[in-house]
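Here the sequence shown stands for residues 19 to 123, numbered as in this note's numbering.
For glycine and all other residues, C-beta sits at the position ideal for the given N, C-alpha and C.
Reviewing the structure listed below.
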Amino acid sequence: MIRVKTHFAAVVLICALLMPLAVCAADSSVYYFTGRVSFFDGIKVVADGKEYRVIDKCIYRKHTKQNNAYFEDKAGPNEVRGGDSVVLHVNGNVVDKIIIEEWKR
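What follows is the structure, encoded as structure tokens:
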């Protein structure tokens with residue numbers, strides 16, 4: 019009986035030690051993806067053949083060019099169109115920021 023309890027406690031301890039590593043590994047895949055939008059509906063975006071899910075609180079920005087200077091302004095989901103050049107901030111497997119490169123239109 020004691021061996022079973024000790025074995026169970028060891029398994030629980032190992033799981034407790036490995037859980038933060040699994041959570042950190044899932045959060046560590048943050049990158050930017052540049053591409054052209056072929057489909058966007060507010061829930062998912064397809065850019066250069068890759069499909070990503072968009073979170074509800076996604077941040078939308080647009081880069082504009084005025085007099086050879088680049089500016090970043092607020093944007094909304096209704097400004098993302100097919101054919102737009104975008105930069106997607108991918109966190110794990112979801113997009114939490116979309117930057118529309120309006121100056122490339």
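Whose CA, out of the options, lies closest to the CA of residue i?
i, options, result
"Lys68", "Arg123, Phe58, Gln84, Glu97", "Phe58"
"Gly53", "Asn111, Gly60, Gly100", "Gly100"
"Pro95", "Ala65, Ser47, Ile116, Gln84", "Ile116"
First and last residue of the beta strand (DSSP E) that includes residue i?
i, result
"Lys75", "68 to 84"
"Asp102", "Unbroken run through Asp102: none, as it is neither H nor E."
"Lys122", "Careful: Lys122 lies outside any beta strand (DSSP E) and carries neither H nor E."
"Gly53", "48 to 58"
Pick helix, strand or coil for residue i, following the three-state DSSP scheme.
i, result
"Asn96", "helix"
"Asn111", "coil"
"Ile117", "strand"
Within its chain, find whatever has a CB closer than 7 Å to the CB of residue i; leave out the 5 residues flanking it on each side and keep chain order.
i, result
"Tyr49", "Val108"
"Met19", "Residue confidence for Met19 is low, a pLDDT of 48 falling below 50, so the modelled location carries little weight and cannot support an answer."
"Asp66", "Gly53, Arg54"
Given residue i, which residues of its chain have a CB within under 6 Å of its CB, disregarding the five upstream and five downstream residues?
i, result
"Asp102", "Val55, Ile118"
"Phe51", "Leu106, Val108"
"Lys122", "Ser103"
"Glu90", "Arg79, His81"
Can you name, in chain order, every residue of its own chain whose Cβ lies under 8 Å from the Cβ of residue i, other than the five neighbours on each side?
i, result
"Ile61", "Arg71, Val72"
"Tyr88", "His81, Thr82, Trp121"
"Val113", "Val63, Tyr70, Arg71, Val72, Ile73, Cys76, Leu106, His107"
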